[in-house]
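Here's the structure, in structure tokens; my notes come after.
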Amino acid sequence: MADKIDIIIKKHLNVQRDTLLPLLQDIQTELGYLSEEAINRISVSLNLPTSKIYGVATFYDQFRFEPQGRFHIQICHGTACHINNGGRIIQEAERLLKIKEGQTTRDGMFSIEIVNCMGACGLSPVIAINDKYYHGIEPGDLKEIFEKCKDNSTAV
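Number 172 in my numbering belongs to position 70 of the sequence shown; there are no gaps in the numbering.
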């Protein structure tokens, strides 16, 4: 992983504080998250304390500090989805997977992210798993959806 991080840092010629956001974005795109190792390597390259880098990264919702699951579940909690049982869908997903929002299952199979709006209000409630959208779902539909994900992961 260190080699990948160093290659990305080198792509940002004359790495300076101004290039911190694009650098963080590129590392997350490559690795899927910002690891402690990545933050430390950036710190050395930019001659910035790690606390400053974490401060910038935690300010923006786009950055993650834990790897996502093989199946990344995004649950819409926008107004329309909230009104149409979005809260119950969140509760059921967390209950079935035994994790909370922002966490990944121990086996690395699933992770949950709650998003403000997915832009599909007319189809609410909506979830997406690895960018495949499911709409008009009920909390009781989740178990079957998650089992299909598991079944497909063994076939891959």
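Each residue gets a CB set at the ideal place from its N, CA and C atoms; glycine is no exception. From a predicted model like this one, the values you see are computed outputs, not experimental measurements.
Nearest-angstrom Cα separation, counted from residue j out to residue i
i: LEU225; j: CYS251; result: 22 Å
i: TYR156; j: ASP253; result: 37 Å
i: ILE216; j: GLU203; result: 6 Å
i: GLY189; j: THR152; result: 36 Å
i: LYS234; j: ASN142; result: 34 Å
i: ILE144; j: ILE107; result: 9 Å
i: ILE247; j: TYR236; result: 9 Å
i: LYS113; j: ALA104; result: 14 Å
Three-state secondary structure (DSSP) of residue i
i: SER153; result: helix
i: LYS234; result: strand
i: SER213; result: strand
i: VAL258; result: Note that VAL258 has pLDDT 43, beneath the 50 cutoff, so the model's placement of it is unreliable and the number below is only indicative. Of the three classes helix, strand and coil, the one that applies to VAL258 here is coil, per DSSP.
i: PRO178; result: Here residue 178 is Cys; the residue named in the question, Pro, does not match the sequence. Reduced to three states, the DSSP call for CYS178 is strand.
Where residue i falls, given that 16 or more other Cβ within 10 Å makes a residue buried
i: GLU240; result: exposed
is_contact[residue i, chain B] using C-beta, thresh 8 Å
i: GLU240; result: No chain B appears in the structure shown, which is made up of a single protein chain.
Beta-carbon spacing of residue i, residue j below 8 Å
i: LEU126; j: LEU148; result: no
i: PRO124; j: ASN187; result: no
i: GLN170; j: GLY221; result: no
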